[in-house]
Amino acid sequence: EDRLLTEVTNLVEWPTVLLGDFEKDFLELPSEVLVTSMAVHQRYFPVFQKNEDNKTGEKKLLPNFVTVRNGDERALDTVRRGNAKVLRARLS
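Position 29 of the sequence shown, counted from 1, bears residue number 33 in this note's numbering, the numbering being contiguous throughout.
In structure tokens, the structure reads:
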């Protein structure tokens, strides 16, 4: 994830971070498919929850992503919906 962070921060002049989400039904896909679609194809950061019950230290993938856009905080909801729409299309 360090490489992705470096890449994303070098792509924008005025970074603004936003949290997006996608349909929980997509979590039925293999996590590798979701993570690849988010991190490699869209340059989104997948969001995980640490699983305290699991002794192996595995993390649970959540139906969220973090992305960075260029610009200020104007129209963040529009950008958030657009990013979710692109991810939905890629996963469908």
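Where a beta carbon is used, it is the ideal one built from N, C-alpha and C, also for glycine.
Nearest-angstrom Cα separation, counted from residue j out to residue i
| i | j | result |
| --- | --- | --- |
| Glu-36 | Lys-64 | 12 Å |
| Gln-46 | Val-39 | 10 Å |
| Asp-29 | Asn-14 | 33 Å |
| Leu-66 | Val-51 | 6 Å |
Own chain, CB closer than 7 Å to residue i, minus 5 neighbours either side, in chain order
| i | result |
| --- | --- |
| Glu-56 | none |
Proximal residues to residue i (C-beta, below 8 Å), its chain only, five neighbours per side dropped
| i | result |
| --- | --- |
| Tyr-48 | Gly-24, Met-42, Phe-69, Val-70, Thr-71, Asn-87, Leu-91 |
| Glu-77 | Thr-20 |
Status (buried if at least 16 other CB within 10 Å, exposed otherwise) for residue i
| i | result |
| --- | --- |
| Pro-19 | exposed |
Own chain, CB closer than 6 Å to residue i, minus 5 neighbours either side, in chain order
| i | result |
| --- | --- |
| Leu-8 | Ala-43 |
CB contact below 9 Å: residue i versus chain D
| i | result |
| --- | --- |
| Pro-34 | Note that chain D does not occur in the displayed structure, where there is just one protein chain. |
Which residues DSSP lists as bridging residue i, in chain order
| i | result |
| --- | --- |
| Asn-74 | Pro-19 |
Inset, instruction - Taking only runs that begin and end inside the stretch 9-72, name each unbroken alpha helix (DSSP H) of 4 or more residues, in chain order. - result: 35-39
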